[in-house]
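Enquirer: Protein sequences, first through last, are from chains A and B.
Everything in the first sequence is counted per the numbering used here, starting at 52 for the first residue and increasing by one.
Everything in the second sequence is counted per the numbering used here, starting at 7 for the first residue and increasing by one.
Got a structure for you, written out below as structure tokens; questions coming shortly.
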Amino acid sequence: GQQLNQSPQSMFIQEGEDVSMNCTSSSIFNTWLWYKQDPGEGPVLLIALYKAGELTSNGRLTAQFGITRKDSFLNISASIPSDVGIYFCAGVNSGGSNYKLTFGKGTLLTVNP
Amino acid sequence: ETGVTQSPTHLIKTRGQQVTLRCSSQSGHNTVSWYQQALGQGPQFIFQYYREEENGRGNFPPRFSGLQFPNYSSELNVNALELDDSALYLCASSRPSGAGETQYFGPGTRLLVL
Numbered sequence: 052g053q054q055l056n057q058s059p060q061s062m063f064i065q066e067g068e069d070v071s072m073n074c075t076s077s078s079i080f081n082t083w084l085w086y087k088q089d090p091g092e093g094p095v096l097l098i099a100l101y102k103a104g105e106l107t108s109n110g111r112l113t114a115q116f117g118i119t120r121k122d123s124f125l126n127i128s129a130s131i132p133s134d135v136g137i138y139f140c141a142g143v144n145s146g147g148s149n150y151k152l153t154f155g156k157g158t159l160l161t162v163n164p
Numbered sequence: 007e008t009g010v011t012q013s014p015t016h017l018i019k020t021r022g023q024q025v026t027l028r029c030s031s032q033s034g035h036n037t038v039s040w041y042q043q044a045l046g047q048g049p050q051f052i053f054q055y056y057r058e059e060e061n062g063r064g065n066f067p068p069r070f071s072g073l074q075f076p077n078y079s080s081e082l083n084v085n086a087l088e089l090d091d092s093a094l095y096l097c098a099s100s101r102p103s104g105a106g107e108t109q110y111f112g113p114g115t116r117l118l119v120l
């Protein structure tokens, strides 16, 4: 089945530093999504990418959809303590009655004030 | 707050039992997806329901089944529970919008199978 390889597994950074994480896959996806999950809560969508090569920003977050549709990265600039959490990439394939969303294993981000 | 609610919040069952989990979608959303999240892992897609019909399924056995009701709320049923079914079960509601859709997740139901 489809798998997403997300790296790094965890990161420990100082407040104010920039962060970069990425996902790769052996399969092509129609859409790439980046989510953040806080303890005890469901994932919250940060950025959605729909076109190959697309670069999208949401405040301090920037994400890009790879040209081959098999990879994506997420950058967080000037990290703050509330950025702490688990970040997941997810790839979507959909067509007719065949929707499928695949999550990566997550990147645990810790920000030291 | 996403407007997606799930019940119960926690549940303990024994192996072989059956369980039903419930999800109320955000107002105006006609699509509900269910996910299983084991400890330390990303959510695994179970299936999606769109207008009361299954619209896609992940790699889960038939003992995982679902329903969507006319008000778009949904149930996840798991029969013959196994120890490995212990996980956080998440539902997400959305409204298909052409190129993509934003899924809004509920807080989840934590299931423990003993």
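Backbone N, C-alpha and C fix where the C-beta goes; we use that ideal spot for every residue, glycine too.
Just so we're clear, the structure is a prediction, and the values are computed from it rather than from any experiment.
In whole angstroms, what is the alpha-carbon distance linking D90 of chain B and V119 of chain B?
Expert: Their backbone Cα atoms lie some 8 Å apart in a straight line.
Enquirer: Given this structure, state the Cα-to-Cα distance separating P102 of chain B from I18 of chain B, to the nearest angstrom.
Expert: Approximately 34 Å, taken between the alpha carbons.
Enquirer: Taking a cut of 9 Å between CB atoms, which residues from the region 78 to 109 of chain A lie near chain B?
Expert: If the cut-off is 9 Å between Cβ atoms, the region 78 to 109 of chain A has N81, T82, L84, Y86, Q88, G91, E92, G93, P94, V95, L96, A99, L100, Y101, K102 near chain B.
Enquirer: Flag this pair as yes or no: are the beta carbons of N83 of chain B and T26 of chain B separated by less than 8 Å?
Expert: Yes, Cβ-Cβ distance for N83 of chain B and T26 of chain B is below 8 Å.
Enquirer: In the DSSP assignment, the beta strand (DSSP E) including N56 of chain A goes from what residue to what residue?
Expert: Counting along the chain, the beta strand (DSSP E) containing N56 of chain A begins and ends at 55 to 58.
Enquirer: Can you tell me where the beta strand (DSSP E) with N109 of chain A in it begins and where it stops?
Expert: It spans 106 to 109 - the beta strand (DSSP E) in which N109 of chain A sits, taken as one unbroken run.
Enquirer: Do Q32 of chain B and S99 of chain B have their C-beta atoms closer together than 8 Å?
Expert: Result yes, Cβ atoms of Q32 of chain B and S99 of chain B sit closer than 8 Å.
Enquirer: Where do the N-terminal and C-terminal ends of the beta strand (DSSP E) with E60 of chain B fall, by residue?
Expert: 59 to 63 is the span of the beta strand (DSSP E), which, as asked, contains E60 of chain B.
Enquirer: Are K121 of chain A and T75 of chain A touching if we call contact CB-CB under 8 Å?
Expert: Yes, Cβ-Cβ distance for K121 of chain A and T75 of chain A is below 8 Å.
Enquirer: Mind checking whether the beta-carbon of Q54 of chain B lies closer than 7 Å to any heavy atom of the ligand FAD?
Expert: With respect to small molecules bound, the structure shown includes none, and the ligand FAD cannot be examined in it.
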